[in-house]
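Q: Below are the structure tokens for one structure; questions will follow.
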DNA sequence: CCAATACTAGATTGATCGCTCTAGCGAGTA
DNA sequence: TACTCGCTAGAGCGATCAATCTAGTATTGG
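Residue numbers (the working numbering), protein chains in the order written: chain E, 51 to 246; chain X, 51 to 246.
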């Protein structure tokens with residue numbers, strides 16, 4: 051029974067993980083169900099066994115998983131920073147480095163899907179919205195600890211996330227990391243003046 | 051000859067215009083060739099007559115056209131502003147209003163395509179990059195006239211465009227205009243401190 | 001008026017899409 | 001051993017994809 055549950059978890063989880071990666075790199079429409087099960091090394095039949103809602107259900111779960119993983123990642127990057135301002139800089143610089151290392155493939159794991167699908171699938175749109183919301187909430191807490199009011203923290207983090215997402219768009223199109231560095235600089239200045 | 055050239059221009063142009071609109075709303079992968087010719091009320095055969103490079107060539111041209119149209123639009127929105135700071139605010143507020151009016155369908159005409167396709171089609175990626183570049187160049191000129199150095203203008207406009215694009219992503223996912231308003235406020239502050 | 005060219009028209013192709021379906025495997029229970 | 005049931009396995013469905021192909025109609029220059 052333990053082994054059975056284990057293998058079940060594995061197959062299911064492999065499907066979600068493979069989806070998360072493919073969705074991040076190619077978006078929703080360009081990713082086929084067949085491609086997902088192949089990448090996950092999962093049997094085709096299992097996909098509709100675990101996800102009777104089909105591609106959409108699997109996609110929504112993959113988005114939420116990506117969201118949770120990246121929330122941890124955000125925390126990890128901010129943690130070693132001595133203050134919020136250098137934290138912001140480090141964060142954008144880290145994103146730039148990672149983007150370049152992956153040949154401009156790994157940007158935001160859900161942005162492409164969010165743009166593609168928000169007007170088509172309410173289920174997927176909601177998943178994306180929840181992930182963004184959780185990121186904003188996590189970031190806000192961090193700023194509040196630095197002495198910023200809750201409302202203002204939320205505004206600043208929302209603006210920061212927007213700058214990050216947009217910089218990813220520009221960076222992927224231009225194959226340059228400058229948008230990330232420049233946007234990071236601008237947002238660092240905003241946070242700076244807020245703390246002063 | 052005049053009539054012939056006219057009709058030729060019309061059919062070709064209708065294909066480009068219809069593509070531009072569909073690409074903006076649905077992205078590249080979700081937009082079918084059949085859907086384009088139907089929307090353009092153009093004969094299917096004409097599409098491959100005018101665009102032997104197929105969907106990709108038509109897409110690239112549509113992106114460039116959208117870019118040119120929106121560049122005019124940007125200028126028009128900034129024109130009546132008394133100073134750059136209120137110009138920024140007006141711009142983001144206008145984008146928010148328009149997004150809401152179109153039920154969150156009309157955001158950036160090329161962002162979705164840029165994210166979807168930048169890692170797949172070099173031709174399309176380049177078209178998107180050129181459009182972003184032209185927007186940045188146009189915006190920079192405007193800031194330079196307010197007394198900011200060319201390099202700094204470029205940086206500020208790049209950050210502003212990033213904030214705008216990212217705010218669109220968040221706004222479409224959350225079906226809220228607050229990301230646009232908040233990002234606009236943050237960028238207005240940045241420009242403000244630059245001019246002071 | 002005729003030949004050449006530009007454009008229209010849509011049937012058709014092969015590939016791929018998401019998904020359903022039936023059949024059977026294998027581990028746990030009685 | 002028999003039975004159940006979670007899961008595997010993949011053939012195959014109808015639909016749709018981008019693109020090609022052959023005919024055809026206008027329009028043009030000679």
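Even glycine gets a Cβ: it sits at the ideal position worked out from N, Cα and C.
1. Considering only residues of the stretch 111-173 of chain E, which uninterrupted alpha helix (DSSP H) runs meet the minimum length of 4 residues and lie entirely inside it, listed in chain order?
2. Quick check on this structure: which residue in E:217, E:124 and E:111 has the alpha carbon closest to the alpha carbon of residue 247 (chain E)?
3. Does the distance from the CB of residue 211 (chain E) to the CB of residue 203 (chain E) come in under 8 Å?
4. Any beta carbon from chain E within less than 8 Å of residue 216 (chain X)'s own beta carbon?
5. How many Å lie between residue 104 (chain E) and residue 226 (chain X) at the Cα?
6. Is the Cβ-Cβ distance between residue 121 (chain X) and residue 66 (chain X) less than 8 Å?
7. Using 8 Å as the limit for Cβ to Cβ distance, is residue 120 (chain E) near chain X?
8. Let's test the definition: count the other Cβ atoms within 10 Å of the Cβ of residue 130 (chain X) and tell me whether it reaches 16, buried, or not, exposed.
9. Spatial neighbours of residue 232 (chain X) within its chain, please: C-beta separation below 8 Å, excluding the five flanking residues on both sides.
10. For a contact defined as C-beta to C-beta under 9 Å, what are the partners of residue 111 (chain X) on chain E?
11. Scan the stretch 58-80 of chain X for residues whose Cβ lies nearer than 9 Å to a Cβ of chain E and list them as they occur along the chain.
12. Can you name, in chain order, every residue of its own chain whose Cβ lies under 8 Å from the Cβ of residue 114 (chain X), other than the five neighbours on each side?
13. Excluding the 5 residues flanking residue 244 (chain E) on each side, which residues of the same chain have their C-beta closer than 8 Å to its C-beta?
14. Which residue marks the beginning of the alpha helix (DSSP H) containing residue 240 (chain X), and which one marks its end?
15. Tell me the DSSP secondary structure of residue 98 (chain X) in three-state form.
16. List the endpoints of the continuous alpha helix (DSSP H) containing residue 209 (chain E).
17. Chain E partners of residue 179 (chain X), CB-CB under 8 Å?
18. When you compare only the Cα positions, how much space is there between residue 223 (chain E) and residue 148 (chain E)?
19. Take residue 93 (chain X) and list the residues in its own chain whose beta-carbon comes closer than 8 Å to its own, dropping the five residues that flank it on each side.
20. For a test of the three-state rule: what should DSSP assign to residue 85 (chain X), helix, strand or coil?
21. In chain E, what lies closer than 9 Å to residue 208 (chain X) by C-beta?
22. Interface residues of chain E around residue 169 (chain X) at Cβ under 9 Å?
23. At a CB-CB cut-off below 7 Å, which residues of chain E make contact with residue 142 (chain X)?
24. Report the neighbours of residue 205 (chain E) on chain X: residues whose CB is nearer than 8 Å to its CB, in chain order.
25. Within 10 angstroms of its Cβ, does residue 119 (chain E) collect 16 or more other Cβ (buried), or is it exposed?
A: Quick look at the numbers:
1. 134-151 and 161-167
2. Because chain E here runs from 51 to 246, residue 247 (chain E) falls outside it and cannot be looked at.
3. Taking the first chain and counting its residues from 1, one reaches residue 211 (chain E) at position 161. Taking the first chain and counting its residues from 1, one reaches residue 203 (chain E) at position 153. Taking 8 Å as the cut-off, the beta carbon of residue 211 (chain E) is found no closer than this to the beta carbon of residue 203 (chain E).
4. Stepping through the second chain from its first residue, residue 216 (chain X) is reached at position 166. For residue 216 (chain X), the answer is yes, since a Cβ of chain E falls inside 8 Å of its Cβ.
5. What you label residue 104 (chain E) is simply residue 54 of the first chain in a count that begins at 1. What you label residue 226 (chain X) is simply residue 176 of the second chain in a count that begins at 1. Each residue's Cα considered, the two are about 28 Å apart.
6. As a first step, residue 121 (chain X) is located in the second chain; it is residue number 71 there, counting from the start. As a first step, residue 66 (chain X) is located in the second chain; it is residue number 16 there, counting from the start. Taking 8 Å as the Cβ cut-off, residue 121 (chain X) and residue 66 (chain X) do not qualify as a contacting pair.
7. Position 70 of the first chain holds residue 120 (chain E). Chain X, which has no Cβ nearer than 8 Å to the Cβ of residue 120 (chain E), makes this no.
8. One-based indexing of the second chain puts residue 130 (chain X) at position 80. Result: exposed.
9. Taking the second chain and counting its residues from 1, the one referred to as residue 232 (chain X) is at position 182. If we look at residue 232 (chain X) and ignore the five residues flanking it on each side, its Cβ neighbours are 217.
10. For this step, residue 111 (chain X) is matched to residue 61 along the second chain. Residue 111 (chain X) does not reach chain E, its nearest Cβ partner there being about 17 Å away, counting only Cβ pairs nearer than 9 Å.
11. 75, 76, 77, 78, 79 and 80
12. Mapped onto the second chain, residue 114 (chain X) falls at position 64. 177, 180 and 181, listed in sequence order.
13. Here residue 244 (chain E) corresponds to residue number 194 of the first chain, with the count starting at 1. Spatial neighbours of residue 244 (chain E) in its own chain (CB-CB distance under 8 Å, excluding positions within 5 residues in sequence) are listed in chain order as 198, 202 and 206.
14. As a position in the second chain, residue 240 (chain X) is number 190, starting the count at 1. For residue 240 (chain X), the enclosing alpha helix (DSSP H) begins and ends at 228-245.
15. Taking the first residue of the second chain as position 1, residue 98 (chain X) is located at position 48. In this structure, residue 98 (chain X) counts as helix in the three-state DSSP scheme.
16. By 1-based counting over the first chain, the position of residue 209 (chain E) is 159. Run containing residue 209 (chain E): 200-224, per the alpha helix (DSSP H) assignment.
17. Against the second chain, residue 179 (chain X) aligns to sequence position 129. Ordered by position in chain E, the residues that pass the 8 Å Cβ test against residue 179 (chain X) are 223, 224 and 225.
18. Within the first chain, residue 223 (chain E) is the residue found at index 173, counting from 1. Within the first chain, residue 148 (chain E) is the residue found at index 98, counting from 1. Looking at the two C-alpha atoms, the distance is approximately 16 Å.
19. As a position in the second chain, residue 93 (chain X) is number 43, starting the count at 1. 61 and 87.
20. As a working mapping, residue 85 (chain X) is identified with position 35 in the second chain. Residue 85 (chain X): helix per DSSP, three-state reduction.
21. On the second chain, position 158 is the one that residue 208 (chain X) refers to. Neighbourhood of residue 208 (chain X) in chain E, by CB distance below 9 Å: 217, 220, 228, 229, 232, 233 and 236, in chain order.
22. As a first step, residue 169 (chain X) is located in the second chain; it is residue number 119 there, counting from the start. Here the neighbours are 75, 76, 153, 154, 155 and 222.
23. Taking the first residue of the second chain as position 1, residue 142 (chain X) is located at position 92. Neighbours of residue 142 (chain X) on chain E: none; closest Cβ ~10 Å, over 7 Å.
24. Position 155 of the first chain, counting from 1, holds the residue named residue 205 (chain E). 232, 235 and 236, listed in chain order.
25. Here residue 119 (chain E) refers to the residue found at position 69 of the first chain. So residue 119 (chain E) ends up on the exposed side.
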